[in-house]
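K.L.:
See the structure below:
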């Protein structure tokens with residue numbers, strides 16, 4: 012941290028602090044109320060995901076991926092199975108692809124709802140959080156109805172999914188979407204156009220596009236800086252090509268392009284896009300057996316693969332190295348929250364301590380995924 | 006640009022830097038570590054390549070006798086092409102130039118690889134452990150890693166081959 016001079020002071024935020032979204036410690040050098048440097052200390056939640064993966068079989072890695080990003084487990088599963096299927100060159104039934112997309116998009120909505128709600132909480136708005144969690148609960152109920160788990164699903168398997176959709180899932184999901192869509196308007200009235208919220212977030216913590224790319228910031232955070240980049244559109248995987256949806260980018264609605272408000276707003280717009288995808292997907296789910304292409308033995312050929320998918324937090328990449336045995340030689344997870352957090356130091360310099368909380372919240376980090 | 010063309014551009018600019026090998030997949034290019042910093046700068050700044058996004062850095066241990074490797078995945082937002090660069094290191098003295106000054110995310114990615122494999126990135130401004138505690142011993146993701154028995158007086162459980170955890 013260097014030498015502390017004159018009016019400078021080192022302030023310690025976390026590891027146990029609600030606004031650090033988990034166990035993250037920030038060593039903040041302040042000059043009065045102004046932040047001059049931040050040093051994040053990670054690793055409090057390090058559970059050796061990559062080391063464990065080298066000691067279990069390929070299918071046993073999937074539950075570990077659940078626990079990395081515990082707010083969007085479906086998307087974590089999805090990234091891993093997409094990489095594995097590309098490595099093994101398995102073709103999977105169309106029904107499975109549709110089910111996966113439906114689950115991933117539902118989980119994206121759930122994750123964004125929590126992110127937005129908790130962001131309001133960080134800023135000091137308690138009510139929107141309760142509204143958003145109420146609706147997230149209904150998504151979790153649907154997951155529970157489908158696969159029995161509410162948060163850690165182990166739902167997507169290499170070559171298929173663990174359970175077929177229940178018979179009345181389509182009705183339940185459509186009912187939910189009909190109920191949910193007008194709710195977005197309610198969130199906007201509660202939080203998005205709230206003057207106090209806008210004053211706290213607009214113009215704060217601007218990330219210019221080139222800085223964002225250099226720091227590897229991805230997903231909604233990158234799009235908020237005005238870069239139209241979405242892995243679902245630009246490097247399509249699964250069946251995302253079939254759906255018609257937009258890639259919302261930052262609009263500088265109230266402040267500068269790439270500020271905290273833009274990052275919040277892009278997530279809100281993305282929820283609407285996910286609803287669009289879900290409506291299209293639910294109409295067209297083909298029939299079929301979800302277990303028919305599950306491989307008896309998972310033994311990929313020698314080689315390595317890097318695949319990325321779009322998780323709610325950004326580009327989630329898996330680097331898998333196979334040596335021809337049923338146990339992976341190396342599994343590396345490129346976590347989007349890890350890269351997003353790395354830019355905190357540069358972005359927060361010159362802002363007040365309370366703004367650091369606003370910036371950190373707007374990046375939507377999950378410590379389980381950062382520390383792995 | 007295709008991988009073959011990208012490879013040719015690098016070969017023209019830095020003769021003798023590319024290692025030809027049949028084991029590589031279509032998207033991979035193996036380089037000698039000597040001129041890595043110059044090549045990386047060139048890859049970022051050349052208008053035809055312009056790899057502005059460093060997607061991922063992965064450290065790999067190729068087995069107890071073999072060497073360590075760092076693999077870099079690059080992507081260009083402008084041209085929408087990608088490449089994977091492999092650089093091998095000597096196991097006894099794994100060293101390579103740091104690219105943290107070119108892509109800022111290289112900072113944390115290199116710290117992570119250093120933390121797990123003990124590969125030294127020369128020129129990195131703040132090469133510390135990132136996920137493990139600062140005073141942890143050994144490099145956990147190396148294949149020959151044996152964990153320490155005690156950490157500040159806390160017994161560290163070991164995995165047995167047959168019965169799982171002790």
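Protein chains in written order, with this note's numbering: chain A, 12 to 383; chain B, 6 to 171. Cβ atoms here follow ideal geometry from the backbone N, Cα and C, with glycine treated the same way.
#1: Return helix, strand or coil for residue 42 of chain A, following the three-state DSSP convention.
#2: Cβ atoms of residue 66 of chain B and residue 148 of chain B: under 8 Å apart, would you say?
#3: Quick check: the Cα distance between residue 127 of chain A and residue 379 of chain A, rounded to an integer number of angstroms?
#4: Please name the residues in the segment 132-149 of chain B whose beta-carbon is closer than 9 Å to at least one beta-carbon of chain A, in chain order.
#5: What three-state label does DSSP hand residue 315 of chain A in the structure shown?
#6: Note down, one range per segment and in chain order, each alpha helix (DSSP H) of at least 4 residues found wholly within the segment 195-248 of chain A.
#7: Looking at residue 277 of chain A: is its Cβ nearer than 8 Å to the Cβ of residue 243 of chain A?
#8: Could you name the residues that DSSP lists as bridge partners for residue 79 of chain B?
#9: Taking its Cβ as the centre, do 16 or more other Cβ atoms sit within 10 Å of residue 182 of chain A, making it buried, or is it exposed?
#10: CB residue 285 of chain A to CB residue 119 of chain A, shorter than 8 Å?
#11: Pull up the distance between the alpha-carbon of residue 92 of chain A and that of residue 167 of chain A, whole angstroms please.
#12: Using 8 Å as the threshold, is the C-beta distance between residue 321 of chain A and residue 270 of chain A below it?
#13: Counting only C-beta atoms, is residue 65 of chain B closer than 8 Å to chain A at any point?
#14: Is there a C-beta anywhere in chain B that falls below 8 Å from the one on residue 60 of chain A?
#15: Tell me the rounded alpha-carbon separation between residue 288 of chain A and residue 184 of chain A.
#16: Helix, strand or coil: how does DSSP classify residue 68 of chain A here?
#17: For residue 171 of chain B, count the other beta carbons within 10 Å of its own beta carbon; 16 or more makes it buried, fewer makes it exposed. Which is it?
#18: With a cut-off of 8 Å, does the C-beta of residue 41 of chain B fall near any C-beta of chain A?
#19: One question on the structure: do residue 272 of chain A and residue 213 of chain A come within less than 8 Å of each other, judged by their Cβ atoms?
#20: Assuming residue 147 of chain A and residue 124 of chain A make a contact with CB atoms under 8 Å, what is their CB distance in whole Å?
#21: Any chance the segment 296-307 of chain A sits against the segment 103-112 of chain A, with 3 or more Cβ pairs inside 8 Å?
#22: Given that a residue counts as buried once 16 or more other Cβ atoms are within 10 Å of its Cβ, and exposed if not, what is residue 16 of chain B?
#23: Answer yes or no: does any C-beta atom of chain B fall closer than 8 Å to that of residue 379 of chain A?
#24: Which same chain residues end up closer than 7 Å to residue 100 of chain B when comparing Cβ atoms and leaving out the 5 residues on each side of it in sequence?
#25: Would you call residue 196 of chain A buried or exposed, if buried means 16 or more other Cβ atoms sit within 10 Å of its Cβ?
#26: In chain order, what residues of the same chain lie with their CB nearer than 7 Å to the CB of residue 43 of chain A, ignoring the 5 residues before and after it?
P.N.:
Answer, in terms of the structure:
#1: Here residue 42 of chain A sits in strand by DSSP.
#2: Going by beta carbons, residue 148 of chain B and residue 66 of chain B fall inside the 8 Å limit.
#3: Going from the Cα of residue 127 of chain A to the Cα of residue 379 of chain A covers about 18 Å.
#4: Of all residues in the segment 132-149 of chain B, 134, 135, 136, 137, 138, 145, 146 and 148 have a Cβ within less than 9 Å of some Cβ in chain A.
#5: If DSSP states are grouped into helix, strand and coil, residue 315 of chain A belongs with the strands.
#6: Runs of the alpha helix (DSSP H) lying entirely within the segment 195-248 of chain A, each at least 4 residues long, are 206-212, 220-225, 231-235 and 242-245 in chain order.
#7: No, the Cβ-Cβ distance between residue 277 of chain A and residue 243 of chain A is not below 8 Å.
#8: B/59 and B/88.
#9: By the neighbour-count criterion, in which 16 or more other beta carbons inside 10 Å mark a residue as buried, residue 182 of chain A falls on the exposed side.
#10: The Cβ-Cβ distance between residue 285 of chain A and residue 119 of chain A falls below 8 Å.
#11: About 7 Å.
#12: Cβ atoms of residue 321 of chain A and residue 270 of chain A: not closer than 8 Å.
#13: Yes, residue 65 of chain B lies at the interface with chain A (some Cβ there is under 8 Å from its Cβ).
#14: By this cut-off, residue 60 of chain A is not an interface position.
#15: If you take the alpha carbons of residue 288 of chain A and residue 184 of chain A, they lie about 13 Å apart.
#16: If DSSP states are grouped into helix, strand and coil, residue 68 of chain A belongs with coil.
#17: Model confidence at residue 171 of chain B stands at a pLDDT of 46, short of 50, so the residue's coordinates are unreliable; what they give is reported in the following sentence. Within a 10 Å sphere around the beta-carbon of residue 171 of chain B sit fewer than 16 other beta-carbons, which makes this residue exposed.
#18: Any Cβ of chain A closer than 8 Å to the Cβ of residue 41 of chain B would place that residue at the interface, and such an atom is absent.
#19: The Cβ-Cβ distance between residue 272 of chain A and residue 213 of chain A falls below 8 Å.
#20: The C-beta separation of residue 147 of chain A from residue 124 of chain A comes to about 4 Å, placing the pair in contact by the 8 Å criterion.
#21: Short answer: they touch.
#22: When all chains shown are included, residue 16 of chain B counts as exposed.
#23: For residue 379 of chain A, not one C-beta of chain B is nearer than 8 Å to its own C-beta.
#24: The answer, listed in chain order, is 94, 125 and 127.
#25: Exposed is the label assigned to residue 196 of chain A, since fewer than 16 other Cβ atoms lie within 10 Å of its Cβ.
#26: Exclusion of the five residues before and after residue 43 of chain A leaves 18 as the residues of its chain whose Cβ lies within less than 7 Å of its Cβ.
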